[in-house]
Every structure is written in C-alpha cells, then in structure tokens.
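Below is one structure, written out as structure tokens; comments come after it.
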Amino acid sequence: MKLTERHKAIIEIVKNFEPITSDEIAEKLSLGKSTLRNDLAVLGMLEILEAKPNVGYYYNYNFSPGEQREEIKSKLVKDVMGIAITAKSTANYSEVLSKLFIYDVGTIFIVDENNHLAGVTSRKDMLKLSRNADGQNLPIVLAMTRVPNVIYIYEDELVTDALRKLILHEIDCLPVVRDEKDGKVIVGKISKTTLIKLLLEMLEG
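Numbering (this note's numbering), first residue to last: 153 to 357.
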C-alpha cells in the first residue's frame, strides 16, 4: 500500500516529537482529529507507528516494510468481517429504526425478496426521513442508497482493499458480498471499527 504525503508527514512528526498524541499531531498539521483517524489506523496496521494508551504514538524503528506488507496482504476480508444486519426492502421506517437500536449499529443493509443486496441506509438517512410528518410509516426504500450505487466488497478481497474503499468513499462500513445468479448475497460486513480492532490486535502482538 503506497503511503500518501500526509502519511509521510505524520511519520516525520512522530519521529521528532514522540510520544505524541493524535490531538497534538492534528494540531501540528492544522487538521481535525477525525480527519487523521483513518491515516493513523493505516500507519498502525502497517506497524509503522505504535500506540500506547494514555501516552501517544511512537515510531517503530524495527519496522520492516517488506515483512509487514506481506502480513497485511495475507489478510482477507472474510477472515475479519462481522455480522451484517439486514432488513427487507418492504419494511417501513419504524421497523428499520427498531433494528438500528436493538443491534446498536449505524448501518442497515436492505435486501430484496431473494435476499439479494438492494440498498443501504444509515442513521443519517433515517434522520432525514424522520423530518417527514408521515415518516414512521413510509417505506425504507425512500431513505436508502440503491444498488448499483452501493459500495461493496467481496469476501475474498484483501483487507487493504476494504480500507482503501472506506477511505476513498468516506463511509463507515461495507457490505461483504458473494455473487449469485441474479444478484449479490450479503455474507457479512467490514467497518472502520473492525479495522481498528484488527489494528489493536496487531499492536498488542
């Protein structure tokens, strides 16, 4: 995975000021902390940076680019994906809203009568629909992004491919799919939270 200019700038800052917190890095780059979250996740996943709770980031002087890249490249989406929460395209706003709270998720994937991916809706989408006086009874299809505009990933693709899509499209999670004759069936999901947990596991050895 090729490092961006911002990745390189972060690395130099950490080398010069370690240990340094994400807030301090953001301040030196004149950026918001949330803007750097994905960059720090990438650098941590590649083990270029190490993080210690309540202390900050350090540069990993034992970093071996070839070795770490091979380790990352070997990880497939199906090895780290989580469970996807779905709802039928015939469901209404209230039914899908209930699932958001019951499962404490930010995204619900919508499937058609054949259980194929039909769309995706988020808390933000639901909030927009709630402003309608009759929103509670409106069909969820009015508050979803429809296929073919849904960004997805296959289970046999690399974790780095998933991370790249999340960053490129500025989204929180992706449906993991498998091709069937007449559509794509959802087999899981991969999210920023999933990748951060993976990063933590790698940092802790």
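Just so you know, even glycine gets a beta-carbon here, dropped at the ideal spot from N, CA and C. The structure presented is a predicted model; accordingly, all values stated were derived computationally and were not measured.
C-beta atoms of residue i and residue j nearer than 7 Å
i, j, result
"PHE261", "THR238", "yes"
"LEU228", "ASP313", "no"
"LYS344", "GLY234", "no"
"VAL166", "LEU192", "no"
"LEU350", "VAL248", "no"
"LEU281", "TYR255", "no"
Sheet register partners of residue i (DSSP bridge)
i, result
"LEU228", "LEU310"
"TYR213", "Partner(s): none; TYR213 has no beta bridge."
"GLY271", "ILE262 and ARG298"
"LYS240", "VAL263"
Own chain, CB closer than 6 Å to residue i, minus 5 neighbours either side, in chain order
i, result
"ARG275", "GLY258"
Option nearest residue i by Cα separation, candidates the options
i, options, result
"PRO171", "LYS336, ALA203, ALA193 and LEU181", "ALA203"
"VAL337", "ASP264, LEU192, GLU157 and ALA193", "ASP264"
"ALA270", "LEU281, ALA295 and GLY208", "ALA295"
"TYR210", "GLU164, GLU179 and ILE254", "GLU164"
"LYS240", "GLY196, ASN212, LEU279 and PRO291", "PRO291"
"THR156", "VAL311, ASN190, TYR213 and VAL299", "ASN190"
"GLU322", "GLU176, GLY196, LEU188 and MET278", "LEU188"
"THR242", "ASP324, ASN267 and GLY335", "ASN267"
Cβ shell of residue i (< 7 Å), same chain only, five flanking positions each side left out
i, result
"ALA161", "LEU181"
"THR173", "GLY208"
Cβ-based neighbour list, residue i, same chain, cut-off 8 Å, excluding 5 preceding and 5 following
i, result
"VAL302", "LEU269, GLY271, VAL272 and PRO327"
"PHE169", "GLU176 and LYS180"
Length at least 4, wholly inside the segment 162-204: the alpha helix (DSSP H) runs in chain order: 174-181 and 185-197
Length at least 4, wholly inside the segment 292-345: the alpha helix (DSSP H) runs in chain order: 311-321
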